[in-house]
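Reading through the structure tokens given below for one structure.
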Amino acid sequence: MKIDSLQRGLVIDHIAAGKGMEIYKLLELDKLDCSIAIIKNARSNKTGKKDMIKVEDRIDIDLEVLGFIDPNITVNVIEDGRIIQKKVLELPHEVINVAKCKNPRCITSVEQGLPQVFRLAEGEKLTYRCIYCEQEYGSKR
Numbered sequence: 001m002k003i004d005s006l007q008r009g010l011v012i013d014h015i016a017a018g019k020g021m022e023i024y025k026l027l028e029l030d031k032l033d034c035s036i037a038i039i040k041n042a043r044s045n046k047t048g049k050k051d052m053i054k055v056e057d058r059i060d061i062d063l064e065v066l067g068f069i070d071p072n073i074t075v076n077v078i079e080d081g082r083i084i085q086k087k088v089l090e091l092p093h094e095v096i097n098v099a100k101c102k103n104p105r106c107i108t109s110v111e112q113g114l115p116q117v118f119r120l121a122e123g124e125k126l127t128y129r130c131i132y133c134e135q136e137y138g139s140k141r
């Protein structure tokens with residue numbers, strides 16, 4: 001399979017295999033009016049398989065959302081067919097309305113207007129906790 005190279009845009013690379021569609025939805029890329037290629041299960045020297053997303057336009061994306069999903073993702077900014085910037089992600093300290101608390105007794109299950117807020121609890125384990133009930137949202141993502 002051959003996907004043309006970009007002249008201008010973004011390449012979201014090193015996505016864990018199978019997570020590409022989740023990122024597509026979270027970043028609301030379906031609302032864009034430009035070409036987008038989602039490549040699933042591409043060969044990777046580092047991990048064996050990976051997903052990639054190519055966006056044929058320079059857009060602002062929420063790097064914290066990507067860092068929350070997987071801090072190993074890289075974002076390459078393309079201009080004139082060349083990578084002009086490589087953004088490396090970090091684990092965000094806090095994310096709001098990116099994930100939902102799975103605890104049915106959490107106040108966010110009853111009070112629908114409350115924001116879903118998770119704070120980083122253990123960076124090494126990629127573990128976040130709900131600020132209301134301490135329910136873990138962790139590396140089993």
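Mapping to my numbering: the sequence shown position 16 is 16, numbers consecutive.
Idealized CB from N, CA, C, for every residue including glycine.
Following the continuous beta strand (DSSP E) through residue i, name the residue where it begins and the one where it ends.
i   : result
I36 : 36-44
G9  : 8-16
Throw me the rounded Cβ distance for the residue i and residue j pair, which I believe falls under 8 Å.
i    : j    : result
V65  : L29  : Between L29 and V65 the Cβ distance is about 12 Å, and since that is not below 8 Å, they are no contact.
C101 : Q112 : With a Cβ gap of about 12 Å, C101 and Q112 do not count as contacting.
L126 : K87  : Actually they do not touch by this definition, with Cβ atoms about 19 Å apart.
Quickly, what does DSSP pair residue i with across the bridge? List them, please.
i    : result
E122 : T127
E136 : R129
For residue i, which of the options has the nearest alpha-carbon?
i    : options              : result
G9   : M52, R58, G18, R43   : R58
K50  : L6, V88, D13         : D13
I38  : G81, K46, T108, E22  : E22
H93  : I69, D33, R43        : I69
R43  : T74, V77, A16, R82   : A16
V98  : N41, V110, L27, T47  : L27
L89  : I83, E79, I96, V75   : V75
P104 : I53, C130, M52       : C130
R119 : C133, I107, R82, K87 : C133
N72  : S109, Q85, T47, Q135 : T47
G123 : I96, G67, I78        : G67
M52  : L114, S5, E136       : S5
With respect to the alpha helix (DSSP H) encompassing residue i, which residues constitute its N-terminal and C-terminal limits?
i   : result
E22 : 20-26
Worksheet entry | Sequence ranges, beta strand (DSSP E) only - wholly within the region 50-117, length at least 3 | 74-79, 82-88, 94-96
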